[in-house]
Amino acid sequence: MAEVNLRKIVKRYDDVEAVRGIDLDIADHEFVVLVGPSGCGKSTTLRMIAGLEDITDGDIMIGGDIVNDVPPKDRDIAMVFQNYALYPHMTVAENMSFGLRLKRYPKAEIKTRIDEAARMLDIVELIDRKPKQLSGGQRQRVAMGRAIVRNPKVFLFDEPLSNLDAKLRVQMRIEIKKVHQKVRTTTVYVTHDQVEAMTLADRVVVMNKGRIEQIGTPQELYHKPATRFVAGFIGSPAMNFLPCQLEENAGKMHIRLTERIAFPLPPDRAARYQNAKQGEKLLLGLRPEHITEAKGHAEPGIEAFDALLDVTEPMGMETLIYFALAGKQVCGRVNPNACAHDGEPLRLAVDLNNMHLLNEVTGAVI
Ligand SMILES: Nc1ncnc2c1ncn2[C@@H]1O[C@H](COP(=O)(O)OP(=O)(O)OP(=O)(O)O)[C@@H](O)[C@H]1O
Ligand SMILES: [Mg+2]
245 MAEVNLRKIV KRYDDVEAVR GIDLDIADHE FVVLVGPSGC GKSTTLRMIA
295 GLEDITDGDI MIGGDIVNDV PPKDRDIAMV FQNYALYPHM TVAENMSFGL
345 RLKRYPKAEI KTRIDEAARM LDIVELIDRK PKQLSGGQRQ RVAMGRAIVR
395 NPKVFLFDEP LSNLDAKLRV QMRIEIKKVH QKVRTTTVYV THDQVEAMTL
445 ADRVVVMNKG RIEQIGTPQE LYHKPATRFV AGFIGSPAMN FLPCQLEENA
495 GKMHIRLTER IAFPLPPDRA ARYQNAKQGE KLLLGLRPEH ITEAKGHAEP
545 GIEAFDALLD VTEPMGMETL IYFALAGKQV CGRVNPNACA HDGEPLRLAV
595 DLNNMHLLNE VTGAVI
């Protein structure tokens, strides 16, 4: 097993700069997920680590050695793709053992490794079947098994679950996590699905347009996003952004949303934002769970207001509500018993202890 380090990695295809100078240090045993919208450079980055793409500039290190010019087969990595690329004429066992047989491993060693991986992945009964006799999820397991038996320094996954239906995806996500807990191999995993990223990763790398926007644990990215892009990308339903201004009123800092609605800031927030200019164009970032039905009693940092609901979506354990505020559609999450109905008013409360304030022009979180 090994750490992986990327130093100022650039990838240019003619006039397209797919990756624009990425620095990333992945620790031994760590599970890192690269996430971002289509075309942001995730696969390109992964393929450069694998050695399947040349790098235009920078250095890639695996286990402390620069591997820029090392061919893929000598990098001691195993890659799992979206299309599992199993050999159709080989059985599960033959598919899994293919790489080891090429490298002339002893037969007994191959058998031990396959038995162990098959047990770990719960495919012992399938070992003599051909790929076409397997379900999508089972094929996915075989592809993972083929990577595991090689006992590589690093696992590389490129959207391995995107061919599976939603239920199976959730199931396989848990399987991948279990496998990583057992083998603890350093893993770089690519997905465009932020839920998959959050649930699998020790650390998430959010990419946008060939650059890294932010690196952090799932909790850090969710609660302390650094930019508007990250704040809007992580979390579903997405964070609401409302144009606002700071103003001082009777010695207290307020955040003004509309002519009618302004909320006093909690003391720690007022201290944090004291250097922001009054009247500057700002955005208030509020996650839907921080816009709920108003409770009877006052709590510090929780401010009530009246809204006219446009649409409500009962989800079972909660009801999503949509209403207009400061010219924007806003989403909140209320208790299913909160009497939220389409077209009716509801008294709501915002939790400003969990607010975010962003510079509207730069998108930076203040
Ligand atoms: N062989 C190539 N030649 C030219 N441009 C390419 C090539 N491969 C990728 N690109 C471009 O590089 C950028 C990054 O592509 P990449 O495949 O890394 O995106 P991605 O983040 O994996 O997206 P997706 O989620 O759609 O898989 C894209 O703009 C893409 O069009
Ligand atoms: Mg891709």
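Residue numbers 245 to 610, in this note's numbering, belong to the letters of the sequence shown in order. Just so you know, even glycine gets a beta-carbon here, dropped at the ideal spot from N, CA and C.
For residue i, name the three-state secondary structure that DSSP assigns.
| i | result |
| --- | --- |
| THR356 | helix |
| ARG264 | strand |
| GLY302 | strand |
| TYR257 | strand |
| PHE401 | strand |
| GLU557 | strand |
| GLY367 | Strictly speaking, residue 367 in this sequence is Ile, with Gly absent from that position. ILE367: coil per DSSP, three-state reduction. |
| ARG413 | helix |
| ALA271 | coil |
| ALA608 | strand |
| LYS351 | helix |
| PRO281 | coil |
| LYS252 | strand |
| LEU296 | coil |
| PRO375 | helix |
| LEU602 | strand |
| LEU290 | helix |
Looking at residue i and ligand 1, is the gap between the Cβ and the nearest heavy atom below 7 Å?
| i | result |
| --- | --- |
| LYS539 | no |
| VAL217 | Missing from the structure shown is residue 217; the chain here goes from 245 to 610 and no further. |
| TYR517 | no |
| SER287 | yes |
| GLY265 | no |
| SER379 | no |
| SER282 | yes |
| TYR257 | yes |
Just confirm the distance between the C-beta atoms of residue i and residue j, as a whole number of angstroms; I'd bet it's less than 8 Å.
| i | j | result |
| --- | --- | --- |
| VAL578 | ALA584 | 5 Å |
| ASP595 | GLY545 | 6 Å |
| ASP446 | THR429 | Their Cβ separation, rounded to whole angstroms, is 13 Å, which puts ASP446 and THR429 out of contact at 8 Å. |
| LEU412 | GLY381 | 5 Å |
| PRO373 | VAL336 | The question names Pro, but residue 373 in the sequence shown is Arg. Correct: roughly 6 Å between the Cβ atoms. |
| ARG591 | ASP550 | 6 Å |
Does the distance between the C-beta of residue i and the nearest non-hydrogen atom of ligand 2 fall short of 7 Å?
| i | result |
| --- | --- |
| ASP402 | yes |
| VAL434 | yes |
| LYS468 | no |
| LYS426 | no |
Does the Cβ-Cβ distance between residue i and residue j come in under 8 Å?
| i | j | result |
| --- | --- | --- |
| ASN321 | PRO396 | Residue identity differs from the one stated: residue 321 is Ile in this sequence, not Asn. Contact: yes. |
| ASP554 | PHE567 | yes |
| ARG500 | GLN489 | yes |
| VAL449 | VAL276 | yes |
| SER480 | VAL427 | no |
| MET388 | LEU370 | no |
| LYS286 | MET416 | no |
| ARG256 | GLY295 | no |
| ASN598 | LEU526 | no |
| PRO589 | PRO558 | no |
| ILE299 | ILE253 | yes |
| VAL398 | VAL432 | yes |
| LYS539 | ALA593 | yes |
| VAL279 | HIS436 | yes |
| ILE367 | ARG385 | yes |
| PRO375 | PRO316 | no |
| GLU403 | GLN326 | yes |
| ILE478 | LEU465 | yes |
| PRO616 | GLY495 | As shown, the chain starts at 245 and ends at 610. That puts residue 616 outside it, with no answer to give. |
| VAL574 | ILE535 | yes |
| LEU330 | VAL393 | no |
| ILE420 | LEU400 | no |
| CYS284 | GLY454 | yes |
| HIS273 | PRO469 | no |
| ILE266 | THR289 | yes |
| MET340 | ALA361 | yes |
ask   = Which full runs of the alpha helix (DSSP H) of 4+ residues lie inside the region 419-444, going along the chain?
value = 438-444
message = If we require 3 or more residues per run, which beta strand (DSSP E) segments fall completely within the region 489-553?
response = 496-500, 506-508, 526-530 and 535-537
key: Within the region 445-484, ranges of the beta strand (DSSP E) (whole runs, at least 3 residues)   = 447-452 and 455-460
inquiry  = Restricting to runs no shorter than 3 residues, where is the beta strand (DSSP E) found entirely within the region 302-347?
reply    = 321-324
key: Length-filtered (4 minimum) alpha helix (DSSP H) runs lying within the region 559-597   = none
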